[in-house]
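Going letter by letter, the sequence shown gives residues 1 to 1155 in UniProt numbering.
Where is the CB? At the ideal position from N, CA and C, for every residue including glycine.
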Amino acid sequence: MKSINVSTKITILILAVSLVAVAAISFFSYDYNLKTNREKFSATLNALADNRAAYLNTYFDKAANTIEVLKNSETLKKGESAPASGGMDMMSMMGGPPAEEDTTTASVGESSATDGSLAGFLEEQKFIFDVDAIIITSPTGAVVASTDTEVKGNFIDPDGITFDRAKNGVHFTSIFRDKSKKNYISYAAGSFNTSSGNQQFIIVKLNLNSAYKILKNYHGLGQTGESLLGRVDPASKKVAIVSPLRGDTSSAIILYNPNEPFISSFVDAVEGKKVASIGKDLDGKPILQTARKVGNNMALIAKMDLDEANGDAKGLMGTFLYAGLCIVALAVFLSMLFSRSLTRPLYAMRNTVSLVAQGVLPESTDQTSNDEFGQMGAKVNELVQTLRGNAEFAKRIGEGKYDTEFKPASENDILGLSLIDMRNNLIENERRDKERNWIVRGVAEISEILRMHDSIDALGEDVIKFILEKIGAIQGAFYVVNDEDSPPVIEMRASYAYNRKKYLKAKFKFAEGLIGQAAAEKDAVMRTEIPEDYVTITSGILGDQRPTCVLIVPLITNEEVYGVLEFAGFRKFDPSQVKFVQELSLILARTIFNIKVNERTRILLAESQEMSNELKEKQEVLRQNAEEMQATQEELQRSNQKLEEQIEEVNRTQKRMQLLLENASEVITIYEEDESIRYISPSVETILGYGQKEMIGKSDIDKVHPDYRENFKDLFRKLTESPDEKVTTQYEYRTKDGSFIWIESTGTNFMSNAAIHGYILNSRDITEKRRAELEQRMRSKMQALSENSLDLITRLEGESISYINPVIEEYTGKQPAFFLNKKVKDVELDGSVLEGWLKVVEQVNATNQKADTEMDFPSEMGKRIMQVNAIPEFDESNKLESVLVVSHDITERKMIELEIQNKNKKITESINYAKRIQTAILPNSKVINRALPDSFILYKPRDVVSGDFPWFVQIKEEIFIAAVDCTGHGVPGALLSLIGYFLLNDIVRSRKITEPGKILDLLDEGVTTTLRQDEDSTTKDGMDIALCKINMATREVEYAGAHRPLYIMKGGNMEEVKGNKFPIGGGIFKNQTNFTNTYVKLDEGDSIYFSSDGFPDQFGGPEGRKFGPKRVREIIERVHTSSMNDAVTIFDEEWEGWRGDHKQTDDVLLIGIKF
């Protein structure tokens, strides 16, 4: 591309743009046409699939409901006809799919046959439910009754598992074609128990040809479209197409491999996976398809050939190709004309730029046009002239003519401005070189002055004079830091003005005045604003004048200030002069430091010489004194030697006495007359834990147990009253670790002994002795208890029986002596008893802990049941000595427990039966999900059966849904829920009441009447309810409630509609009015929530408090933007997390619906 000229590039560019435009327009048009056709047919396929899948689901649900209704029929349970009766509409009670408003009024579930036979009843139900046949069989398949004349003897199970599956609920068999009529047949089966308790099966025969009529309607499916129904075998996973094919309606049902492309779509649809919109049919042709899951392991696929869905795409491509060629030819012709007019002025500018690139600045060229290219040529000429001026200016600067006039082409002329900056930099560099040379010469000159002086005063005078002349100052001063004062001060050592030495004196502290400030901050100070009283310069010619500038520079080296220079002038010092003084300050600071060091060294040498002479004189005096002291020391050593021998003998005697007292088994204490301790033997630390210093000098009465303090005091009274007698007493005494031990003390009165003059107490520890005596008394008591116990008590030591109480005689008829001191294995007892005893003893031996078990004990009173406890007994060294086996007769208790278990079993079976009844009448979740796709019901019964229940009815476009909370829970609540359920069905379906407020008024009236609360005020049972009537098409909601609120999330904001403050039923309340009916209009994305009181009233959390309505509202505000599947998970997790280990308080029911 770099070697191609501009005209060719322009031609290529226009040609490429034309080709891309034609290709893009053609592609997008083709793609749009293709997508439009496919979307049109996809929409048709989706609509047909939704409609036909819903129809088939309704068909099979109707068959399942038929089974459920027949299972509850009293006629079938009794096995005979029942009199006709006008009952409630059982189909509506079952929560089944709503029929048309004018549904037949025949009672389903109760026979109206006149022939009185079971077959007649079945014929009537066959007609009512519109099924092909109804068959009643035994568990073995024997036909009890049938409306199908072809079924005789035994019913042939088409799958082989129908009877097993039907025991647990309604089961649908696989679909097959009968050989004679080629009809598509399936059976629905369920089980029930007759009045006599026998199990029988209801089998409903379904002729699917009527249901398949909707699949044979090919309207909107073109020439190749069709709807196919497939069933996945649960065991083999193979797929059978169980509906007629469009091109072949008479072929048999064939099982296909699930891995085939078209067949795998049925498997994915049944498993709930997404099915691709484009696939292949059984012949391998590409097709457009959509799939819907149908119940009973079936799926519906609507499809058509992809070629037909694409439409006439090939003809459209030919038209686009012809139009594109014409546009490309025209673009080539126009691009050649346009490029020729563009390149002529470009060639002229190329020649000019080529010369400039070679360094040649040509004359300006002629302008041939006024368009953009002509303007570009004029700008090129201006560029050449500007470069000529810049070159001339650079030449003059190179010759040293810095004053040459030059003006940049503009404010943004980078080259011109750079040339001016270069000239200014050259001038500035020349000035800096001159200043630097001046400073260097000055430093060299002052170095000569510094070498000439070794005193600070002379140095200061010459330095100040030199610097004044150098920088043109009028007055100067030289300051030195005097560090001998405390704190250090800055003293003026030299001053100079008007070429004369001045004899001025001044002192400054650090940070005092400008001098002290400069020294403290270690930085130069230059001031042009001088205070009036700072300094005045006096001369005969000028008179008194104040300087206009003062420069103060500290003399610093090694971060330490050694002095300060101060200069004053009538003009401001320039930066070079300031820099000169600053560079000299470092040299002067080092010089001052050296001079001070030298002066200090000279002074120290003189002082050292003087001290050396004085030391020689004192050494002679010390030598004479040392000789005298040595003689005295030798005499002192001989005296000390004799004294040490005597002290050593005394120490040995004391150690012997100390050892005797420390290891004595008694504590010897000497008490004063006021009962304080004068002396106590060292054994107190071994026996009582106290140190001698802790006890001496104080009374120890506080350490005697309060119960024995009077005894302790009596000891001293008796010793005082009878000084010649010894007194003994026992008491408890607190040791150092806080425990009490038993002490026996014997006291003697030595008050008359001048050497002692006190009471002496010999005390010894008798705790173990007291414990042995107590243990002996306890054993005697235990022996008496054991002899009179009703339990069988046995002590086993090793493998022998060392003790057995007299109770053994009641069980064996033998005296205890018959068993004593015999091996356990040799005792004449039942082997199971001995084995049980030995087993529990082995557990004690292994763990050294108590063990227990239950065992049978054959005895003369019959077979008894014993609760055996094995208790380990340890000796003084904590080793297992024996095992005490206590056998307690629990035969009567076991019999009572068995009776309770049997009663509980019967009660549980009754409750489970009630649960099955309650589950059967609850709304079908599939029906609710079809009516309210984005909704949830969180249902948590506290017990097996619940007092809370959801209620659902759909009549045409109107949906009625409620959360009902009956009084109590468990079986009582479940019984009340049945009353509420059937009353609601009757009010809405039979009496056609649709306004929620009126429905609750009638429900309140029905409950009050049913429970006779208008006659008997003692019955307070009732129910709370939140009832909504919903129209999903118009998004309108009507609400009425009793004690229960409705939470509405509308536009992201929370609204709460409270229910009325009185319940359904429970008696007649004062000031009770009709229930309020509330109307709400919602938008897409809005949602509603309502619940029973069990959800907010649950106790839990860290403080055991209620969950509360506030937390319910917070969760709703957090999850209202999520799908209802995610929302119910969050509600459940939050509630369960709050409940924790607490017991569920009440039944829980929460319903959420999103629009």
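Less than 7 Å separates the beta-carbon of Gln867 from that of His888.
Put simply, the region 221 to 229 touches the region 299 to 309. At least three CB pairs are less than 8 Å apart. Taking all protein chains in view, the Cβ of Met317 is surrounded by fewer than 16 other Cβ atoms within 10 Å, so the residue is classified as exposed. 7 Å or more divides the Cβ of Lys509 from the Cβ of Glu491. Pairing Phe580 with Gly442 gives a Cβ-Cβ distance under 7 Å.
Asn425 sits exposed, since fewer than 16 C-beta atoms from the chains shown fall within 10 Å of its C-beta. The beta carbon of Glu873 is closer than 8 Å to those of Arg795, Leu880, Glu881, Ser882, Val883, Leu884 in its chain, skipping five residues each way along the sequence.
Counted as a single uninterrupted DSSP element, the alpha helix (DSSP H) harbouring Gln517 occupies residues 513 to 521. Burial check for His757: the Cβ neighbour count within 10 Å stays below 16, so the residue is exposed. Shown here, Ala24 sits in a helix according to DSSP, grouped into three states. Boundaries of the beta strand (DSSP E) harbouring Gln954: 948 to 955, taken from the DSSP string.
By the neighbour-count definition (other C-beta atoms within 10 Å, threshold 16), Gly272 is an exposed residue.
Remark: C-beta atoms of Met1023 and Glu1117 do not approach each other more closely than 7 Å. For the 7 Å CB-CB criterion, Thr149 and Ile134 do not form a contact.
At the C-beta level, Ile911 and Ile890 stay beyond 7 Å of one another. Of Lys1058, Ala391, Glu607, Ser763, the smallest CA-CA separation from Thr1078 is found for Lys1058. In the DSSP secondary-structure assignment, Asn762 is bridged to Ile668, Thr746. Taken in chain order, the unbroken stretches of alpha helix (DSSP H) that lie wholly in the region 141 to 211 and span 4 residues or more are 162 to 166. Distance from Asp454 to Ile595 at the Cβ level is roughly 6 Å; contact confirmed, criterion being Cβ atoms closer than 8 Å.
Counting C-beta pairs closer than 8 Å gives three or more between the region 206 to 214 and the region 183 to 197, which meets the contact rule. Beta-bridge analysis with DSSP links Met1054 to Met1049. For Lys1081, the enclosing beta strand (DSSP E) covers residues 1078 to 1081.
DSSP assignment within the region 802 to 890 yields the following whole alpha helix (DSSP H) runs of 4 residues or more, N-terminal first: 808 to 812, 831 to 847. Taking each of Ile680, Glu672, Phe740 in turn and checking the Cα distance to Val704, the smallest one comes out for Phe740. Residue Ile670 holds the alpha-carbon nearest to the alpha-carbon of Asn762 among Phe716, Ile670, Asp1147. Taking all protein chains shown into account, Ala772 has fewer than 16 neighbouring C-beta atoms within 10 Å of its C-beta and is therefore exposed. Glu1114 and Trp1138 have their C-alpha atoms some 14 Å from each other. The secondary-structure analysis by DSSP pairs Gln730 across a beta bridge with Glu744.
Residue range 677 to 680 is occupied by the beta strand (DSSP E) that includes Tyr679.
When rounded, the separation of the alpha-carbon atoms in Glu721 and Tyr708 is 20 Å. With contacts defined as CB atoms closer than 7 Å, Ala477 and Ser495 qualify as a contacting pair. With contact defined as three or more Cβ pairs closer than 8 Å, the region 1021 to 1036 and the region 1062 to 1082 are in contact. Separation of the CB atoms of Ala1042 and Phe1075 is rounded to 7 Å, and the pair is thereby assigned contact status at 8 Å. Membership of Leu688 in any alpha helix (DSSP H) is not indicated, and neither H nor E is assigned to it by DSSP. In the three-state reduction of the DSSP assignment, Ile241 falls in the strand class.
Apart from the 5 residues on each side of it in sequence, Glu744 sits with its Cβ closer than 6 Å to the Cβ of Gln730, Arg764, Ile766 in its chain, given in chain order.
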